[in-house]
Amino acid sequence: MTTEEVRQAFLEYFLERDHRLVEPSGIIPKDDSTLMFINSGMAPMKPYFTGQLRPPYPRLVNIQDCIRFVDVGSIGDSYHGTSFRMMGSWSFGDYFKERAIELAFDLITGTFGIPAERLSGTVFVTDESMPGVPSDEESARIWERFLPSNRIIGRPPEDNFWGPAGISGPCGPCTEIFFDRGEEFAEREVDDVLVPGRHIEIWNAGVFMQYFKDEAGVFSPLPMKCVDTGAGLERFAMIFQNRASIHEIDQYEKPYQLIDQRIGDAIWSRIILDHLKTSILMIREGITPSNTREGYLLRRALRRAMIGVYLRGISLTILQEWVESLSEVIDDKDLTLRHKSEIAHWLSEERTGFESLMRRSGKYLDKVAAAKELDAQHAFTLKTGMGIPEDLLEEFCSQHNIPFPKTEFLRLIEEHKEISRRQKK
Ligand code: SER
30 MTTEEVRQAF
40 LEYFLERDHR
50 LVEPSGIIPK
60 DDSTLMFINS
70 GMAPMKPYFT
80 GQLRPPYPRL
90 VNIQDCIRFV
100 DVGSIGDSYH
110 GTSFRMMGSW
120 SFGDYFKERA
130 IELAFDLITG
140 TFGIPAERLS
150 GTVFVTDESM
160 PGVPSDEESA
170 RIWERFLPSN
180 RIIGRPPEDN
190 FWGPAGISGP
200 CGPCTEIFFD
210 RGEEFAEREV
220 DDVLVPGRHI
230 EIWNAGVFMQ
240 YFKDEAGVFS
250 PLPMKCVDTG
260 AGLERFAMIF
270 QNRASIHEID
280 QYEKPYQLID
290 QRIGDAIWSR
300 IILDHLKTSI
310 LMIREGITPS
320 NTREGYLLRR
330 ALRRAMIGVY
340 LRGISLTILQ
350 EWVESLSEVI
360 DDKDLTLRHK
370 SEIAHWLSEE
380 RTGFESLMRR
390 SGKYLDKVAA
400 AKELDAQHAF
410 TLKTGMGIPE
420 DLLEEFCSQH
430 NIPFPKTEFL
440 RLIEEHKEIS
450 RRQKK
């Protein structure tokens with residue numbers, strides 16, 4: 030299935046079952062200071078869960094662009110992206126756990142034809158961090174109709190309690206569906222039935238939204254019980270197309286190949302594609318590089334892409350070509366000439382800044398390369414005294430086979446921040 034076919038199949042499935050299509054929002058939240066970016070399909074719908082606003086219909090479906098910088102450290106693996114499209118469906122005070130699980134299983138095994146033997150379902154198991162929130166035994170019982178008990182897996186709050194999106198808001202226990210790609214995909218051995226890389230979460234098949242968490246961390250019941258589901262469009266496409274990562278699916282094939290021909294390193298090709306794509310989405314919505322908040326994340330994304338290119342001895346001008354290739358394929362009917370010229374403008378500005386950073390840093394980095402070592406104190410001085418960013422230091426060390434003393438370095442940075450905080454008080 031092409032990415033486009035996956036998208037259509039998902040939407041049609043829910044539309045045929047009395048859900049209504051709702052327009053997705055942009056990536057910048059409106060009237061929600063608790064969230065920097067729309068990070069899920071439910072984020073723009075928070076007022077429907079809390080009862081502040083009436084949803085246009087009790088059952089909805091859509092596909093939402095999402096940004097998740099929390100996952101930035103995982104980019105380069107097969108299934109994380111700082112931007113992705115979430116296929117989502119919702120029930121507001123209508124059906125709950127049973128129907129949600131039935132629908133998810135039917136869509137995955139029926140419409141999408143994924144064999145049930147390759148699926149596992151996870152359910153929420155509570156602990157002392159969640160007073161008053163019980164384990165989700167009901168979902169476990171429902172799953173028994175579809176899966177053998179060894180593939181119904183209880184997981185703690187950090188895995189199976191979703192939300193809130195932001196500091197406070199609607200949240201609840203969730204049940205996720207994992208797909209087994211086969212043992213050849215295992216990224217590392219872990220003492221868990223779900224192995225990263227091999228078992229991929231393809232659908233959060235139901236956050237059972239029934240609590241509101243306030244800013245003090247207290248849970249209270251929502252006025253109605255709701256279902257919020259979310260599935261990564263790119264993850265589905267990766268599985269159906271048997272691609273190595275979400276960045277290599279049909280839609281991104283052309284820019285990915287252009288990048289990989291020059292970079293020749295899958296992890297870095299994925300990082301570069303991901304970060305450039307996210308930067309396009311951000312600039313399109315009016316975010317510009319800066320040293321604070323969204324602008325800083327944009328600057329870091331562009332800088333990381335530049336690090337990957339520059340340290341391989343490739344001219345940074347190539348980035349403009351890759352951005353143009355990506356602009357041709359990202360699904361955005363509204364990427365106007367004005368947007369394209371803004372993207373080119375900011376890319377060129379940031380490139381100039383990066384080149385000047387490299388001119389300033391060159392002699393210090395050369396010394397590190399000559400010494401063939403970098404201790405944490407030295408790395409700390411290079412960062413705080415010379416302004417050399419840590420991602421540049423880290424990648425530079427990796428290119429020169431020099432161990433980067435990350436733990437100790439981060440400890441020194443934390444200590445430094447703590448001292449500055451105390452001095453400000
Ligand atoms: N909000 C849930 C998630 O992001 C389900 O969509 O996983």
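Residue numbers for the sequence shown follow the numbering used here, so the first one is 30 and each next one is one higher. Note that the Cβ used here is the ideal one computed from N, Cα and C, for glycine as well.
- With 16 or more other Cβ atoms from the protein chains shown falling within 10 Å of its own Cβ, G235 counts as buried.
- For the ligand SER, no non-hydrogen atom lies closer than 8 Å to the CB of T63.
- Counting only unbroken stretches of 4 or more residues, the alpha helix (DSSP H) elements lying wholly within the segment 32-66 are 32-44, in sequence order.
- The beta carbon of D156 sits closer than 8 Å to those of P185, P186, all from its chain and outside the five residues before and after it, given in chain order.
- Shortest Cα-Cα distance from D123 to any of F237, L348, S149 involves F237.
- Cβ-Cβ distances below 7 Å link S197 to T63, K242, D243, E244 in the same chain, with the five nearest sequence neighbours on each side left out; the list follows chain order.
- Taking 9 Å as the cut-off, the beta carbon of G201 is found no closer than this to the beta carbon of A72.
- Here I278 has T32, E263, A266, M267, Q270, R272 as same chain residues with Cβ atoms under 8 Å from its own Cβ, once five neighbours each way along the sequence are excluded.
- DSSP, read as helix, strand or coil, puts T321 in coil.
- A Cβ-Cβ contact shorter than 9 Å links R332 with L421.
- Just so you know, the alpha carbons of L148 and E173 end up roughly 13 Å apart.
- Nearest in C-alpha terms to Y77, of all of F438, R88, L345, is R88.
- Selection T151, F113, I288, E419 evaluated against T436 yields E419 as nearest (Cα-Cα).
- For the pair H368 and R328, the CB atoms are not nearer than the 9 Å cut-off.
- At a threshold of 8 Å, V236 counts as near the ligand SER, since its beta carbon sits closer than that to one of the ligand's heavy atoms.
- If you ignore the 5 residues before and after K306, its C-beta comes within less than 7 Å of the C-beta of S112, L355, I359, all in its own chain and listed in chain order.
- In this structure, the C-beta of T258 approaches the ligand SER to less than 8 Å from one of its heavy atoms.
- Contact check between the segment 152-172 and the segment 223-233: fewer than three CB pairs, one atom from each, fall below 8 Å, which does not count as touching.
- When beta bridges are read from the DSSP output, W191 appears opposite G201.
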